[in-house]
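Visitor: Residue 43 in the UniProt record's numbering is what sits at position 43 of the sequence shown, and the numbering runs on without skipping anything. Ideal Cβ placement from N, Cα and C applies to all residues, glycine included. This one's a predicted model, so the numbers in the text were calculated from it and none came from an experiment. Got a structure here, written out as structure tokens. Questions coming.
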Amino acid sequence: MSSSQTAQAAVVREIGKPWVIEEVEIAAPRADEILVRMAGTGICHTDTSCKDGHFPVALPIVLGHEGAGVVEAVGSEVSRVRVGDHVVLSFDSCGHCRNCKAHHPSYCFDFYPRNVSGTRLDGSHTLSGAGGELKAAFFSQSSFATLALAREANTVVIDKDLPLEIMGPLGCGIQTGAGAAINALRLKQGDSLAVFGGGAVGLSALLGARAVDAGTVIVVEPNAGRRALALELGASHVIDPKASEDVLGQIRALCGGVNYALDTTGIPGVIAVAVEALLPDGMCGLLGVPPPEATVPANMMSMLVRGVGVKYIVEGDADPQEFIPRMAAWYRAGKFPFDRLIRKFPFAQINEAAQASLRGEVVKPVLVF
Ligand SMILES: [Zn+2]
Ligand SMILES: [Zn+2]
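Set out below in structure tokens:
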């Protein structure tokens with residue numbers, strides 16, 4: 001495989017405008033790269049944030065970072081992945097910095113240049129279209145396209161009997177929520193957890209908590225349909241923050257407080273409640289995108305007397321090569337029904353799918369090819 005190929009890709013040329021599906025040229029895989037024919041790709045909140053200008057990226061760009069597909073070609077240095085393998089694509093990491101060596105690749109010192117710069121690490125482009133080069137290599141994949149170029153580090157081989165079309169979100173959103181509960185907070189059997197925000201990430205945290213037999217899990221979410229789904233997926237209690245003046249009081253009334261909290265909203269007033277709801281030695285994990293000027297809204301004396309902490313968690317502190325197969329095994333065993341969060345849309349309906357998610361009608365849209 002030494003020449004470029006034609007593919008269809010959803011391109012963002014202007015902030016805030018709909019995706020437009022265009023014909024593009026994708027480079028042949030280099031020695032350390034893998035060409036994947038997409039079967040399905042999730043839409044993550046980060047994709048929509050980038051398209052709408054809440055997270056700065058260079059344009060024009062092809063986004064998409066929850067891809068799953070079949071390997072079509074591999075470079076000469078690729079050893080672990082073979083043509084025909086079914087793969088889930090995740091975030092990229094260097095493999096040799098301090099945190100990568102310690103199996104915490106989501107805190108790779110090279111995370112941003114490798115995942116959101118829009119080019120390969122050396123500045124070269126992987127896609128071109130009408131009018132020249134396109135920014136791509138988003139999370140070393142740019143999976144809003146029929147073909148994607150990935151690296152071995154972010155390519156995870158999965159079993160062929162799994163439903164490939166819907167497996168992509170294990171690479172970001174579902175890993176982010178479940179991993180935050182399991183890898184970062186180290187939730188154990190019987191531990192209590194409050195999840196603020198019942199979207200794809202928050203409900204994945206709930207699924208993760210149930211997979212490790214956590215105790216009380218409370219989901220705080222204004223959307224009635226999502227609260228109902230949370231109860232079906234095993235939440236002990238749900239709270240509608242729009243109907244309650246005192247969410248903190250409600251949590252204390254239910255269980256006295258929680259060992260752990262996860263915020264997926266990024267809203268400072270919500271995070272303040274999450275920190276106050278913690279029992280002694282508790283930890284609040286932050287996953288949501290905050291307003292640019294926000295500072296952590298916690299009373300330090302109140303934190304001191306309980307010995308509680310606050311931490312931002314990236315990509316569920318997951319090592320995708322280990323955690324994605326673990327989630328897949330739980331799914332197969334019926335302990336991790338992440339498919340309940342998903343609705344499929346044809347690739348051509350990318351804009352409708354993203355809108356349905358923003359309106360709260362769909363938890364996790366997946367585009368199928
Ligand atoms: Zn690294
Ligand atoms: Zn994501």
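Between serine 192 and ligand 1, is the CB less than 8 Å from at least one heavy atom?
Guide: Locating residue 192 in the sequence shown gives position 192, where the first residue counts as 1. Checking the Cβ of serine 192 against ligand 1 gives no.
Visitor: Going along the chain, which residues of its own chain have a beta-carbon closer than 6 Å to the beta-carbon of proline 324, five neighbours each way excluded?
Guide: Here residue 324 refers to the residue found at position 324 of the sequence shown. Checking the sequence, you will find isoleucine at residue 324 rather than proline. Here the set comprises Val88, Val156, Leu170.
Visitor: Taking glycine 283 as part of the beta strand (DSSP E), name the residues at either end of that continuous run.
Guide: Along the sequence shown, one-based indexing puts residue 283 at 283. Before going on, a small fix: residue 283 reads as methionine here, not glycine. Per DSSP, methionine 283 belongs to the beta strand (DSSP E) from 278-286.
Visitor: Classify proline 163: buried if its beta carbon has 16 or more other beta carbons within 10 angstroms, exposed otherwise.
Guide: Locating residue 163 in the sequence shown gives position 163, counting from the first residue. Exposed.
Visitor: Grab me the residues of glycine 173's own chain with a C-beta within less than 8 Å of its C-beta, minus the 5 sequence neighbours each way, in chain order.
Guide: Here the question's residue 173 lines up with position 173 in the sequence shown. Same-chain partners within the cutoff: Gly42, Cys44, His45, Glu66, Ala200, Val201, Ser204, Lys364.
Visitor: DSSP has glutamine 8 in a bridge; who is on the other side?
Guide: Within the sequence shown, residue 8 is the residue found at index 8, counting from 1. Bridge partners of glutamine 8: Glu23.
Visitor: When you get a sec, list the residues whose CB is within less than 5 Å of any heavy atom of ligand 1, chain order please.
Guide: The answer, residue by residue, is Ser93, Cys94, Cys97, Cys100, Cys108.
Visitor: Can you check whether the CB of phenylalanine 345 is closer than 9 Å to the CB of phenylalanine 144?
Guide: For the purposes of this step, residue 144 is taken as residue 144 along the sequence shown, with counting starting at 1. For the purposes of this step, residue 345 is taken as residue 345 along the sequence shown, with counting starting at 1. Cβ atoms of phenylalanine 144 and phenylalanine 345: not closer than 9 Å.
Visitor: What whole-angstrom Cβ distance do valine 83 and alanine 68 have, given they're in contact under 8 Å?
Guide: One-based indexing of the sequence shown puts residue 83 at position 83. One-based indexing of the sequence shown puts residue 68 at position 68. About 16 Å separates the two Cβ atoms, so there is no contact after all.
Visitor: If you draw a straight line from the alpha carbon of alanine 253 to that of alanine 328, how long is it in whole angstroms?
Guide: The residue labelled residue 253 in the question sits at position 253 within the sequence shown. The residue labelled residue 328 in the question sits at position 328 within the sequence shown. Between alanine 253 and alanine 328, the C-alpha separation is close to 36 Å.
Visitor: Considering only the alpha carbon of each residue, which of Thr216, Leu134, Lys101, Gly257 lies closest to arginine 120?
Guide: In the sequence shown, counting from the first residue as 1, residue 120 sits at position 120. The shortest C-alpha separation from arginine 120 is found at Leu134.
Visitor: Can you list, in chain order, the residues of its chain whose CB lies under 6 Å from that of alanine 209, leaving out five sequence neighbours each side?
Guide: Start at 1 with the first residue of the sequence shown, and residue 209 comes out as number 209. Same-chain partners within the cutoff: Ala181, Leu187, Leu193, Val217.
Visitor: Would you check if the distance between the CB atom of glycine 257 and the CB atom of alanine 274 is smaller than 9 Å?
Guide: Reading the sequence shown from its first residue, position 257 is the one you call residue 257. Reading the sequence shown from its first residue, position 274 is the one you call residue 274. Taking 9 Å as the Cβ cut-off, glycine 257 and alanine 274 do not qualify as a contacting pair.
Visitor: DSSP on proline 346, reduced to helix/strand/coil?
Guide: Taking the first residue of the sequence shown as 1, we reach residue 346 at position 346. Note: proline 346 maps to strand in three-state DSSP.
Visitor: Look at the alpha carbon of histidine 125 and the alpha carbon of alanine 136, and state the distance between them as a whole number of angstroms.
Guide: Along the sequence shown, read from residue 1 onward, the residue named residue 125 stands at position 125. Along the sequence shown, read from residue 1 onward, the residue named residue 136 stands at position 136. Roughly 7 Å between the two C-alpha positions.
Visitor: Are leucine 81 and valine 71 closer than 9 Å when you measure CB to CB?
Guide: Taking the first residue of the sequence shown as position 1, residue 81 is located at position 81. Taking the first residue of the sequence shown as position 1, residue 71 is located at position 71. According to the sequence as given, residue 81 is valine; it is not leucine. Yes, Cβ-Cβ distance for valine 81 and valine 71 is below 9 Å.
Visitor: Please output, in chain order, the residues near ligand 2 using a CB cut-off of less than 6 Å to any non-hydrogen atom of the ligand.
Guide: Residues with a Cβ closer than 6 Å to any heavy atom of ligand 2, in chain order: Cys44, Thr46, His65, Cys172, Gly173.
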